[in-house]
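S.K.: In order, the protein sequences belong to chains Y and D.
Read the first sequence against the working numbering and you will find it ends at 222, with the numbers running on by one and no gaps.
Read the second sequence against the working numbering and you will find it ends at 222, with the numbers running on by one and no gaps.
All C-beta atoms in this analysis are idealised placements derived from N, C-alpha and C, irrespective of residue type, glycine included.
2 protein chains.
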Amino acid sequence: MTNGSDQITVIAVEDDTAYSAVLRRVLEQVGRFRWDGSFANPVRFLTALPGLHADVFLLDIHMPRLSGLECIREIKQCLPEARVLMISVHDDDDYVLKAFLDGADGYLLKDSSPDQIVEAIHDARRGGAPMSPSIARKVVGILGRLQPGETAPKPPSSSKAAVEALSTRETEVLELLAKGRRYTEIASEISVSLDTVKTHIRNIYRKLEVRNKAEAISLLLG
Amino acid sequence: MTNGSDQITVIAVEDDTAYSAVLRRVLEQVGRFRWDGSFANPVRFLTALPGLHADVFLLDIHMPRLSGLECIREIKQCLPEARVLMISVHDDDDYVLKAFLDGADGYLLKDSSPDQIVEAIHDARRGGAPMSPSIARKVVGILGRLQPGETAPKPPSSSKAAVEALSTRETEVLELLAKGRRYTEIASEISVSLDTVKTHIRNIYRKLEVRNKAEAISLLLG
DNA sequence: TGTAAAATCACCCTTTCGGGGGATGGTGGT
DNA sequence: ACCACCATCCCCCGAAAGGGTGATTTTACA
Chain Y
1 MTNGSDQITV IAVEDDTAYS AVLRRVLEQV GRFRWDGSFA NPVRFLTALP GLHADVFLLD
61 IHMPRLSGLE CIREIKQCLP EARVLMISVH DDDDYVLKAF LDGADGYLLK DSSPDQIVEA
121 IHDARRGGAP MSPSIARKVV GILGRLQPGE TAPKPPSSSK AAVEALSTRE TEVLELLAKG
181 RRYTEIASEI SVSLDTVKTH IRNIYRKLEV RNKAEAISLL LG
Chain D
1 MTNGSDQITV IAVEDDTAYS AVLRRVLEQV GRFRWDGSFA NPVRFLTALP GLHADVFLLD
61 IHMPRLSGLE CIREIKQCLP EARVLMISVH DDDDYVLKAF LDGADGYLLK DSSPDQIVEA
121 IHDARRGGAP MSPSIARKVV GILGRLQPGE TAPKPPSSSK AAVEALSTRE TEVLELLAKG
181 RRYTEIASEI SVSLDTVKTH IRNIYRKLEV RNKAEAISLL LG
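1) As a quick exercise: from Y:L49, Y:A124, Y:D115, Y:C78, pick the residue whose alpha carbon is nearest that of M86 of chain Y.
2) Within the continuous alpha helix (DSSP H) that includes R24 of chain D, where are the two ends?
3) Could you check how far apart the C-beta atoms of L109 of chain Y and V89 of chain Y are, in whole angstroms? I think they sit under 8 angstroms.
4) Look at the alpha carbon of V173 of chain Y and the alpha carbon of T196 of chain Y, and state the distance between them as a whole number of angstroms.
5) What residue from Y:R83, Y:I72, Y:Q77, Y:A82 has the CA that sits closest to Y95 of chain Y's CA?
6) Looking at K207 of chain Y and L177 of chain Y, is the spacing between their C-beta atoms short of 8 angstroms?
7) Would you please verify whether the beta carbon of K213 of chain Y is less than 8 angstroms from any beta carbon of chain D?
8) With DSSP collapsed to three states, give me the class of T52 of chain Y.
9) What's the call for A18 of chain D, buried or exposed, on a 16-neighbour Cβ count within 10 Å?
10) Please state the DSSP three-state secondary structure of R137 of chain D.
11) Would you mind telling me which residues of chain Y sit closer than 7 angstroms to K207 of chain D, beta carbon to beta carbon, in chain order?
12) Are the stretch 182-194 of chain Y and the stretch 189-205 of chain D in contact at 8 angstroms, needing three or more beta carbon pairs?
13) For G127 of chain D, count neighbouring Cβ atoms within 10 angstroms of its own Cβ and tell me buried if that reaches 16, exposed if not.
14) Nearest chain Y C-beta to A187 of chain D closer than 8 angstroms, yes or no?
15) Which of the three DSSP states is assigned to S188 of chain Y in this structure?
16) Going along chain D in order, which residues have a C-beta closer than 8 angstroms to the C-beta of L221 of chain Y?
17) Measuring alpha carbon to alpha carbon, tell me which of D:V22, D:E215, D:S38 ends up nearest H53 of chain D.
18) Should T9 of chain Y go down as buried or exposed, given a rule of 16 or more other Cβ atoms within 10 Å for buried?
19) Who does A12 of chain Y pair with in a DSSP beta bridge?
20) Using the three-state DSSP reduction, which class does S88 of chain Y fall into: helix, strand or coil?
21) Step through the CB atoms of chain Y and report whether any lies within less than 8 angstroms of the CB of R137 of chain D.
22) Shortest alpha-carbon distance to V118 of chain D belongs to which of D:G31, D:L220, D:E81?
23) In chain D, which residues lie less than 8 angstroms from P133 of chain Y when you measure between Cβ atoms?
24) Which residues of chain D have a Cβ atom closer than 8 angstroms to the Cβ of A179 of chain Y, listed in chain order?
25) Compute the Euclidean distance between the alpha carbons of V210 of chain Y and A216 of chain Y, then round it to the nearest angstrom.
26) According to the neighbour-count rule (16 or more other Cβ atoms, all chains shown, within 10 Å of its Cβ), is A129 of chain D buried or exposed?
27) Taking just the CA atoms, how far does A12 of chain Y sit from M219 of chain D?
28) Nearest to P80 of chain Y by CA position, among Y:R182, Y:R202, Y:V56, is which residue?
29) Determine the chain D residues that contact V210 of chain Y at a beta-carbon separation under 7 angstroms, and present them in chain order.
30) I believe V26 of chain D touches P114 of chain D by the beta-carbon criterion, under 8 angstroms. Please report the beta-carbon distance rounded to the nearest angstrom.
31) With a threshold of 8 angstroms on Cβ separation, who are the neighbours of A48 of chain Y within its own chain once the five nearest residues in sequence on each side are excluded?
32) Less than 8 angstroms between the beta carbons of A120 of chain D and G180 of chain Y, yes or no?
33) How is R83 of chain D classed by DSSP in three states: helix, strand or coil?
34) Between the Cα of I100 of chain Y and the Cα atoms of Y:E14, Y:G51, Y:Q29, Y:G68, which residue gives the shortest distance?
35) Kindly indicate the opening and closing residues of the beta strand (DSSP E) around L166 of chain D.
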């Protein structure tokens, strides 16, 4: 974005100025990178963010006041095309998981070599997911620990908000619908007429912007 | 396990015998590996499993009758120390996610080079998580799509087994059904007649022991 | 206290579903 | 060779779902 496919603009957010100086030197020596400054203070970074533009952000996780994790979403919102690499000494499951949940594109440990860092930035730029080997292991471990069955791999609309906008009666009807009840069964279960049930369902469909049971239930369960 | 830190015993489960022959040649040429046979039939493999011992298992995902995914847990139960690498042409989110959820240690695409395969096996052996680059990206993408806060929720989930007993065609139909497609829409999407769709759906309902869309979808989505 | 939203009911009409038959061809395993 | 299963297609039929329009009564809340 900044320079087409020519240079890669990089911004770092790192409270350890010694380390960010190292990063800077590494990147400037290799060329192809444009070091567009670094922030030692994550709060200042966030306030400056709207005016920034970079291809890749390098974020430290442990910083005073604000975790680098909190910066990820902001960056992604301002610059959806930007890549975010976390750089940290920590390889706790918790940090790794949070980073990726929040949208990080990669995760490097601070013991990574200059070559690895350079390669990781390039990798991120081409849509890769650079990770230090031990991080990759963590990620797999985390996935392996998720209870099978519950992983909500649902990218699409899934407007959960819409479901919650339903009235209590409508929710009740929708849940019975999801259990496979027929209109007549629902009517008798909640003691209303068949036509009332149909009206509720029509309203549910309108609110959820769906056309039939299947879509409505997918929204509810999905 | 088999030979201390000397040799690495490998067993493959791969219906494509040509490809497993390639694997075998690659590993035997490099040395350090002991090719302990391959299975073209996953069912036979599972029955033989209790007598097997290997350091690394290479599993294909798409095989007749039984997915390689179904083998992972069995292997891990019989041989907790063994490493399991999936080898597949598929990089769908769904397969990748399922593989790691079920306990896979790595995931390679079939276009991986011999060197990459050899390196991946070594990596897995030392506790790494070898993945083809595009797979790493998928994994990160999957994590990024999890709603923050969803790392262990979701309760019920009845007979998931039943859903998995469906044929591939039936699963396909059921998924389209869950997306709210009408029978006629499904028919044109998968290019079969309306009656065929109806037949599939009747069979789905019979296998899942349900009576309508709503119940079937609820089973599918958990 | 007024009014908007929720909840209730009614009538009519068309399309979709669900289930009952039965049939053919292909594949895989015993 | 046979059987089980899969995938495909056909006919028929009644029940269920969905959608339009309009209405009345509660309920909630500004």
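M.R.: According to the data block:
1) The residue given as residue 86 of chain Y occupies position 86 in the first sequence. Considering only alpha carbons, the answer is Y:A124.
2) Reading the second sequence from its first residue, position 24 is the one you call residue 24 of chain D. That run of the alpha helix (DSSP H) goes 17-30.
3) The sequence position of residue 109 of chain Y within the first sequence is 109, counting from 1. The sequence position of residue 89 of chain Y within the first sequence is 89, counting from 1. Right, their Cβ atoms sit about 7 angstroms apart.
4) To locate residue 173 of chain Y, count along the first sequence from 1; it is residue 173. To locate residue 196 of chain Y, count along the first sequence from 1; it is residue 196. Their Cα atoms are separated by approximately 10 angstroms.
5) Sequence index remark: in the first sequence, residue 95 of chain Y carries index 95 (1-based). Per the Cα distances, Y:I72.
6) Locating residue 177 of chain Y in the first sequence gives position 177, where the first residue counts as 1. Locating residue 207 of chain Y in the first sequence gives position 207, where the first residue counts as 1. Taking 8 angstroms as the Cβ cut-off, L177 of chain Y and K207 of chain Y do not qualify as a contacting pair.
7) By 1-based counting over the first sequence, the position of residue 213 of chain Y is 213. At least one chain D Cβ lies under 8 angstroms of K213 of chain Y.
8) One-based indexing of the first sequence puts residue 52 of chain Y at position 52. Strictly speaking, residue 52 of chain Y in this sequence is Leu, with Thr absent from that position. Looking at L52 of chain Y - three-state DSSP - the assignment turns out to be coil, as it is neither helix nor strand.
9) By one-based count along the second sequence, residue 18 of chain D stands at place 18. So A18 of chain D counts as exposed.
10) Indexing the second sequence from 1 puts residue 137 of chain D at position 137. Three-state DSSP puts R137 of chain D in a helix.
11) The residue you call residue 207 of chain D lines up with position 207 of the second sequence. Result: empty, since nearest Cβ-Cβ is about 15 angstroms, beyond 7 angstroms.
12) no
13) Residue mapping note: residue 127 of chain D aligns to position 127 of the second sequence, counting from 1. G127 of chain D comes out exposed.
14) Taking the first residue of the second sequence as 1, we reach residue 187 of chain D at position 187. False, the Cβ-Cβ gap to chain Y never drops below 8 angstroms.
15) Walking along the first sequence from the start, residue 188 of chain Y turns up at place 188. In this structure, S188 of chain Y counts as helix in the three-state DSSP scheme.
16) Residue mapping note: residue 221 of chain Y aligns to position 221 of the first sequence, counting from 1. Here the neighbours are I217, S218, L221, G222.
17) Here residue 53 of chain D corresponds to residue number 53 of the second sequence, with the count starting at 1. Ranking the options by Cα distance to H53 of chain D, first place goes to D:S38.
18) Locating residue 9 of chain Y in the first sequence gives position 9, counting from the first residue. Buried, since its Cβ has 16 or more Cβ neighbours within 10 Å.
19) As a position in the first sequence, residue 12 of chain Y is number 12, starting the count at 1. DSSP lists Y:S38, Y:L58 as partners of A12 of chain Y.
20) Taking the first residue of the first sequence as 1, we reach residue 88 of chain Y at position 88. If DSSP states are grouped into helix, strand and coil, S88 of chain Y belongs with the strands.
21) As a first step, residue 137 of chain D is located in the second sequence; it is residue number 137 there, counting from the start. Closer than 8 angstroms to some Cβ of chain Y, the Cβ of R137 of chain D qualifies, so yes.
22) As a first step, residue 118 of chain D must be located in the second sequence, where it is residue number 118. When only C-alpha atoms are compared, the closest one is D:G31.
23) Reading the first sequence from its first residue, position 133 is the one you call residue 133 of chain Y. Chain D residues near P133 of chain Y: D123, G128, A129.
24) Here residue 179 of chain Y corresponds to residue number 179 of the first sequence, with the count starting at 1. Reading off the sequence, residue 179 of chain Y comes out as Lys, not Ala. Within 8 angstroms Cβ-Cβ: A214, E215, S218.
25) Taking the first residue of the first sequence as 1, we reach residue 210 of chain Y at position 210. Taking the first residue of the first sequence as 1, we reach residue 216 of chain Y at position 216. Each residue's alpha carbon lies about 6 angstroms from the other.
26) Taking the first residue of the second sequence as 1, we reach residue 129 of chain D at position 129. So A129 of chain D counts as buried.
27) Here residue 219 of chain D refers to the residue found at position 219 when the second sequence is read from its first residue. Here residue 12 of chain Y refers to the residue found at position 12 when the first sequence is read from its first residue. Note that residue 219 of chain D is Leu in the sequence shown, not Met. Cα to Cα, the separation comes out at about 47 angstroms.
28) Translated into positions along the first sequence, residue 80 of chain Y becomes position 80. With distances taken between Cα atoms, P80 of chain Y lies closest to Y:V56.
29) For the purposes of this step, residue 210 of chain Y is taken as residue 210 along the first sequence, with counting starting at 1. Simply G180.
30) The residue you call residue 26 of chain D lines up with position 26 of the second sequence. The residue you call residue 114 of chain D lines up with position 114 of the second sequence. Yes, V26 of chain D and P114 of chain D are in contact; Cβ-Cβ is about 4 angstroms, under 8 angstroms.
31) Counting from 1 along the first sequence, the entry for residue 48 of chain Y is found at position 48. Cβ within range, chain order: F39.
32) Counting from one through the second sequence, the residue named residue 120 of chain D turns up at place 120. Counting from one through the first sequence, the residue named residue 180 of chain Y turns up at place 180. No. Outside cutoff.
33) The residue labelled residue 83 of chain D in the question sits at position 83 within the second sequence. Strand.
34) Working through the first sequence from its first residue, we reach residue 100 of chain Y at position 100. For clarity, residue 100 of chain Y is Phe in the given sequence; the question names Ile instead. Comparing Cα-Cα distances from F100 of chain Y to each of Y:E14, Y:G51, Y:Q29, Y:G68, the minimum goes to Y:G68.
35) By 1-based counting over the second sequence, the position of residue 166 of chain D is 166. Element bounds for L166 of chain D: n/a, residue is neither H nor E.
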